[in-house]
Amino acid sequence: MPRKVILDVDPGVDDAVALCVALADPDLEVVAVTATGGAVPPRQASLNVQAILEQIDPPRRPRVGVADPLQPLRSDARDLHGPDGLAGAQTPVAEKANQHLSPKVIAEEVRRLPDEITLVGSGPMTNIAAVLTRERDAAEALWGVVVQGGSVGAGGDVTPAAEFNVYCDAGSAREVFHSGVTPTLAPLDVSRELVFGYDLLEFVRGRDSRTCQLLAKILPGFYRAYRQRYGLEGVRLPALAGVLAAKRPQLYKSRPMHGEVETSGELTHGATVFDRRDAPDSEPNLDVITSFDEEAAREAVFSALECGV
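The structure is reproduced here in structure tokens:
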């Protein structure tokens, strides 16, 4: 039976790819897709979720939650993902008339399907924190929570100390860490290792499914941005880490750790600190992914896209 998931995303190209993979994967049932600002501002994130779903038109349409347009965020990533977040792919879409905020959609779907849904977050944790702290009955009815963010020993990406998703809303990340649900965390140490060369671009260009046609529009600009900015002949797709972890726990190894988020430092705002001592002072509050089977993860991505509509 497919694993039921809600995807909380900030698309962004890597989140768009993760959403496409999840919708195509027969092992996953995407119950809802909820938007959060992050890679792009909140309203654009909501439009991008809607545009992706319109382009793919999956046979089982998930519910959609929109980001709070007033969501406070410390940064965005349009310099890498393009002004629209989808590398200039031009996917115009009309704004939904009847909108529901993401935390409301998450809570309602979890209550409808108690003990069945894994909540997967690949953006700033604003919505997830809102559910875990203010909708306790829904939080306790989740099957699991997987979030992509933070860094154990890899330093930062948006600053020398901080990973992007946590940096954007460090207060919410701290609430998630201390929510009592023991989320599975895919930190930068492992998520940045999900690198795809031009074989992914060639793969989607060689298929006529709506899923692959959409990715064939989005990915070229992202490859170009990575080449120009980092000198890489490939792209990092860290948002895939959460989807892959929810799909198949056998793909990764993990260990319990206690993690904290710095919310007040001038140079270290958004940094995550993990107690890796042999005799830590605090009980673990996270299950931290320490490694992925990278080859199996790549195969899982290509296999899912092969099944896309």
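Numbering of the sequence shown is given in my numbering, commencing with residue 2 and proceeding in unit increments. No residue lacks a Cβ here, since even glycine has one placed at the ideal position from N, Cα and C.
- Scanning Tyr224, Val177 and Leu189 for the CA closest to the CA of Thr291 turns up Leu189.
- Taking the Cα positions, Gly181 is about 20 angstroms away from Glu110.
- A straight line joining the alpha-carbon of Gln72 with that of Thr92 spans about 23 angstroms.
- For Ser192, the enclosing alpha helix (DSSP H) covers residues Leu189 to Ser192.
- Around the beta-carbon of Tyr224, 16 or more other beta-carbon atoms lie within 10 Å, marking it buried.
- Boundaries around Thr273 are those of the beta strand (DSSP E), Thr273 to Asp276, since no alpha helix (DSSP H) includes it.
- For Gln149, the pairing in a beta bridge is given by DSSP as Ala187.
- As the crow flies, the alpha-carbon of Pro70 is around 12 angstroms from that of Gln100.
- Boundaries of the beta strand (DSSP E) around Glu30: Leu29 to Ala36.
- In this structure, the beta-carbon distance from Ser76 to Tyr168 falls below 8 angstroms.
- Unbroken alpha helix (DSSP H) runs of no fewer than 4 residues, entirely contained in the stretch 60 to 87, are found at 79 to 82, following chain order.
- In this structure, Met126 is the residue among Glu30, Pro84, Met126 and Ile107 with its C-alpha nearest to the C-alpha of Glu164.
- Contact annotation, Ala23 with Val31: C-beta distance approximately 5 angstroms; criterion of less than 8 angstroms satisfied.
- Boundaries of the alpha helix (DSSP H) harbouring Arg230: Arg211 to Tyr231, taken from the DSSP string.
- Between the alpha carbons of Gly260 and Asp276 lies a gap of roughly 7 angstroms.
- Annotation: Ala46 to Arg79 spans about 11 angstroms, alpha carbon to alpha carbon.
- Going by DSSP, Lys97 is part of no beta strand (DSSP E) at all; its letter is neither H nor E.
- Taking all protein chains in view, the Cβ of Pro43 is crowded by 16 or more other Cβ atoms within 10 Å, so the residue is classified as buried.
- Between Ala171 and Glu263, the CB-CB gap stays under 8 angstroms.
- Here DSSP, grouped into helix, strand and coil, assigns Val289 to strand.
- When beta bridges are read from the DSSP output, Thr119 appears opposite Val6 and Gly145.
- The continuous stretches of beta strand (DSSP E) do not include Pro161, and DSSP gives it neither H nor E.
- The C-alpha of Leu245 is placed about 8 angstroms away from the C-alpha of Ala301.
- Around the beta carbon of Lys248, a 10 Å sphere encloses 16 or more other beta carbons of the protein chains shown; the residue is thus reported as buried.
- In terms of CA proximity to Leu216, Ala19 leads the group Ala19, Ile7, Val10 and Lys5.
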